[in-house]
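In what follows, a structure is listed as structure tokens, so that the remarks can point back to it.
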């Protein structure tokens, strides 16, 4: 996992510059890949949790717990990347920006939720909470206005295949790092006689 993150950091330094933001866009690429990875991990935690609720298979619950923990770690660490992107591209911090406030709120709530789920340690509750969390997060994100953020998918609408390819590659590296982190968080299989 650490090797993947090191590769990711080196690759991010060499990202293609963009016309408006210049080389500062590299922070935005990393910030975007990081938050998309967190959202994907939250979605997988909820989806696998839903499978666990319907099938009562412990393996699904274990993966839901691990993915939820991975997701919140990526979400929390995306906050400093967001601040860095603000500083480099807006020349200051706009902490009242609606999408940033929403991200910060979900970071605090998500962290407390994951700590509580870890302490309580009930499979069905973890799976259900992860499912509810991603639904509420997506509803919140869909309702949050775009003030300083561009509308969704400016990279893919750019038409610049260098930028698109680089961003996709950065996402793949981030997903690999998330996979390794999920393995770290994966609870051991219970011993069965």
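Residue numbers (the numbering used here): 193 to 385. Think of the CB as a built atom: it goes at the ideal place given N, C-alpha and C, for glycine as much as any other residue.
When DSSP labels each residue in this structure, what does residue i get in the three-state scheme?
i           : result
residue 294 : helix
residue 385 : Bear in mind that the predicted position of residue 385 carries a pLDDT of just 43, short of 50, making it unreliable; the figure below should be weighed with that in mind. If DSSP states are grouped into helix, strand and coil, residue 385 belongs with coil.
residue 338 : coil
residue 278 : helix
residue 322 : helix
residue 249 : coil
residue 345 : coil
residue 241 : helix
residue 204 : helix
residue 350 : coil
residue 289 : coil
residue 363 : helix
residue 272 : helix
residue 314 : coil
residue 378 : coil
Below 8 Å between beta carbons: does that hold for residue i and residue j?
i           : j           : result
residue 377 : residue 218 : no
residue 259 : residue 366 : no
residue 318 : residue 329 : no
residue 195 : residue 277 : no
residue 370 : residue 229 : yes
residue 362 : residue 240 : no
At the level of alpha carbons, what is the spacing between residue i and residue j?
i           : j           : result
residue 388 : residue 265 : Since the first residue shown for the chain is 193 and the last is 385, residue 388 is missing from the structure and cannot be characterised.
residue 255 : residue 324 : 16 Å
residue 249 : residue 372 : 22 Å
residue 210 : residue 238 : 35 Å
residue 423 : residue 251 : Coverage of the chain is limited to positions 193 through 385, which leaves residue 423 absent and any answer about it impossible.
residue 302 : residue 234 : 10 Å
residue 300 : residue 326 : 15 Å
residue 263 : residue 226 : 10 Å
residue 232 : residue 247 : 22 Å
residue 296 : residue 332 : 12 Å
residue 267 : residue 275 : 13 Å
Excluding five sequence neighbours on each side, which residues of the same chain lie with their C-beta closer than 7 Å to the C-beta of residue i?
i           : result
residue 290 : 336, 337 and 339
residue 311 : none
Who are the near neighbours of residue i in its chain, counting only those whose CB is closer than 6 Å to its CB and skipping five residues on each side?
i           : result
residue 359 : 221 and 347
residue 384 : In this prediction, residue 384 scores a pLDDT of 49, lower than 50, which makes its location untrustworthy; the coordinate-derived value is nonetheless stated afterwards. Nothing meets the Cβ criterion.
Short of 8 Å in beta carbon distance, which residues of its chain neighbour residue i, apart from the five on each side in sequence? Order them along the chain.
i           : result
residue 293 : 287
residue 379 : 254, 257 and 258
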